[in-house]
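Colleague:
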Amino acid sequence: MYAHAHAHVAAAPVAKPSRSTLPPRIGNLRDGTATVASLGRRGLWQAALAEVAQMRLQGLEIDVMLCNAATSAVVRAGMWDLAMNLLSEARCSGLELDGVAFNAAVTAAQKGAQWQRALAILREMRQRRLQPDVVTFSAATSAAEKGLQWEWSLELFTDMRRCGLEPNMISGNAVVSALEKGQRWRWASDLVLRQLPSTFGLERC
Numbered sequence: 001m002y003a004h005a006h007a008h009v010a011a012a013p014v015a016k017p018s019r020s021t022l023p024p025r026i027g028n029l030r031d032g033t034a035t036v037a038s039l040g041r042r043g044l045w046q047a048a049l050a051e052v053a054q055m056r057l058q059g060l061e062i063d064v065m066l067c068n069a070a071t072s073a074v075v076r077a078g079m080w081d082l083a084m085n086l087l088s089e090a091r092c093s094g095l096e097l098d099g100v101a102f103n104a105a106v107t108a109a110q111k112g113a114q115w116q117r118a119l120a121i122l123r124e125m126r127q128r129r130l131q132p133d134v135v136t137f138s139a140a141t142s143a144a145e146k147g148l149q150w151e152w153s154l155e156l157f158t159d160m161r162r163c164g165l166e167p168n169m170i171s172g173n174a175v176v177s178a179l180e181k182g183q184r185w186r187w188a189s190d191l192v193l194r195q196l197p198s199t200f201g202l203e204r205c
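Going by the UniProt record's numbering, the first residue of the sequence shown is number 1, and it counts up by one from there.
1. I'd like to know whether the C-beta atoms of Glu155 and Ala174 end up nearer to each other than 8 Å.
2. Which word fits Glu61, buried or exposed, when buried means at least 16 other C-beta atoms lie within 10 angstroms of its C-beta?
3. Between which two residues does the alpha helix (DSSP H) harbouring Gly99 extend?
4. Determine the closest residue to Val100 out of Ala77, Ala83, Gln114 and Val52, with distance taken between C-alpha atoms.
5. Under the three-state reduction of DSSP, which class applies to Arg91: helix, strand or coil?
6. Using only CA atoms, which one of Trp80, Gly172 and Val74 lies nearest to Thr158?
7. DSSP three-state call for Gly172: helix, strand or coil?
8. Could you have a look at Cys67 and say whether DSSP puts it in helix, strand or coil?
9. Quick check: Val36 and Ala70, are their CB atoms within less than 8 Å of each other?
10. Please report the straight-line C-alpha distance between Ser138 and Asn103, rounded to a whole angstrom.
11. Between Gly164 and Pro132, what straight-line distance do the alpha-carbon atoms span, to the nearest angstrom?
12. From this set, Gly78, Ala77, Arg76 and Asn68, which residue's C-alpha is nearest Ser88's C-alpha?
13. Once you ignore the five residues that flank Lys111 on each side, which residues in its own chain have a CB closer than 8 Å to its CB?
14. Is Ala113 closer than 8 Å to Gly147 when the C-beta atoms are compared?
15. Given this structure, state the Cα-to-Cα distance separating Val52 from Arg162, to the nearest angstrom.
16. Who are the near neighbours of Leu66 in its chain, counting only those whose CB is closer than 6 Å to its CB and skipping five residues on each side?
17. Among Met160, Val176 and Leu86, which one has its Cα closest to the Cα of Val64?
18. Flag this pair as yes or no: are the beta carbons of Gly40 and Ser72 separated by less than 8 Å?
19. To the nearest angstrom, report how far apart Gln183 and Val192 are at their CA atoms.
20. To the nearest angstrom, how far is it from the Cα of Leu95 to the Cα of Ser38?
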């Protein structure tokens, strides 16, 4: 597991942080996860993955919290393909992923302009009886918009509202942009003026 992570850490030419910038080595999973999360927030994704590898060498098993911390580190660094590879390896190893992990996967697919993968991840999430939230739907809607799939963008947006979730600016902008790119200008206008006035700071007609 995390073979992709090891390969990227070994091959990347960027400078590694000095020992003084790294937290001390940790011998338990909880503190190790906190270390990985801290490194990720500071943009030190290589150090975060190296920490995961070191924990494995020490015999510590990766759990979903550590997986989420490692994935978040590479997502923050814009390593979308690596993020999806990490999550794919985690699933193949039998790790039971949670909503946070799936949201990271959908976000990575969206940032990487892979709308089909975003939809596949959303389907898998539901198959596992995990409830998508606003983050999930917003990322998937944006992925469809980037892929010029206005039908899917509208379907996902409608599905989000059907689930009782309130659209945010990200999902609202994505579906309107998708409709405009699909030359569905009247639909886009109706969505803004009649269905999403509060999202765009307008008064309802």
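Backbone N, C-alpha and C define an ideal beta-carbon position, used for all residues, glycine too.
Because the structure is a prediction, the values reported are computed rather than measured.
Modeller: Reading from the atomic positions:
1. If you number the sequence shown from 1, residue 155 lands on position 155. If you number the sequence shown from 1, residue 174 lands on position 174. Taking a C-beta distance under 8 Å as the contact criterion, Glu155 and Ala174 do not qualify as a contact pair.
2. Position 61 of the sequence shown, counted from the first residue, corresponds to residue 61. The residue is exposed, with fewer than 16 neighbouring Cβ atoms inside 10 Å.
3. For the purposes of this step, residue 99 is taken as the residue at position 99 of the sequence shown. Under the DSSP assignment, Gly99 falls in the alpha helix (DSSP H) whose first and last residues are Gly99 to Lys111.
4. Within the sequence shown, residue 100 is the residue found at index 100, counting from 1. When Ala77, Ala83, Gln114 and Val52 are compared, the shortest CA-CA separation from Val100 is found for Ala83.
5. Start at 1 with the first residue of the sequence shown, and residue 91 comes out as number 91. Note: Arg91 maps to helix in three-state DSSP.
6. By 1-based counting over the sequence shown, the position of residue 158 is 158. The shortest Cα separation from Thr158 among Trp80, Gly172 and Val74 belongs to Gly172.
7. Numbered from 1 along the sequence shown, position 172 holds the residue referred to as residue 172. Here DSSP, grouped into helix, strand and coil, assigns Gly172 to helix.
8. Position 67 of the sequence shown, counted from the start, is the residue given in the question as residue 67. Three-state result, Cys67: helix.
9. Numbered from its first residue, the sequence shown carries residue 36 at position 36. Numbered from its first residue, the sequence shown carries residue 70 at position 70. The criterion of a C-beta distance shorter than 8 Å is satisfied by Val36 and Ala70.
10. Position 138 of the sequence shown, counted from the first residue, corresponds to residue 138. Position 103 of the sequence shown, counted from the first residue, corresponds to residue 103. About 10 Å.
11. In the sequence shown, counting from the first residue as 1, residue 164 sits at position 164. In the sequence shown, counting from the first residue as 1, residue 132 sits at position 132. In this structure, the alpha-carbon of Gly164 lies about 11 Å from that of Pro132.
12. Counting from 1 along the sequence shown, the entry for residue 88 is found at position 88. For Ser88, the nearest C-alpha among the options comes from Asn68.
13. Reading the sequence shown from its first residue, position 111 is the one you call residue 111. A distance below 8 Å between beta-carbons, with the five flanking residues on each side excluded, links Lys111 to the following residues of its chain, in chain order: Val75, Gly78 and Trp80.
14. As a working note, residue 147 is residue 147 in the sequence shown. As a working note, residue 113 is residue 113 in the sequence shown. The Cβ-Cβ distance between Gly147 and Ala113 falls below 8 Å.
15. Looking up residue 52 in the sequence shown gives position 52. Looking up residue 162 in the sequence shown gives position 162. Val52 and Arg162 have their C-alpha atoms spaced approximately 40 Å apart.
16. Within the sequence shown, residue 66 is the residue found at index 66, counting from 1. Within the same chain, Leu66 has close Cβ partners Thr33.
17. For this step, residue 64 is matched to residue 64 along the sequence shown. For the options Met160, Val176 and Leu86, the alpha carbon positioned closest to that of Val64 is the one of Leu86.
18. Mapped onto the sequence shown, residue 40 falls at position 40. Mapped onto the sequence shown, residue 72 falls at position 72. Cβ atoms of Gly40 and Ser72: closer than 8 Å.
19. Here residue 183 refers to the residue found at position 183 when the sequence shown is read from its first residue. Here residue 192 refers to the residue found at position 192 when the sequence shown is read from its first residue. Those two C-alpha atoms are separated by around 15 Å.
20. Residue mapping note: residue 95 aligns to position 95 of the sequence shown, counting from 1. Residue mapping note: residue 38 aligns to position 38 of the sequence shown, counting from 1. C-alpha separation (whole angstroms): 23 Å.
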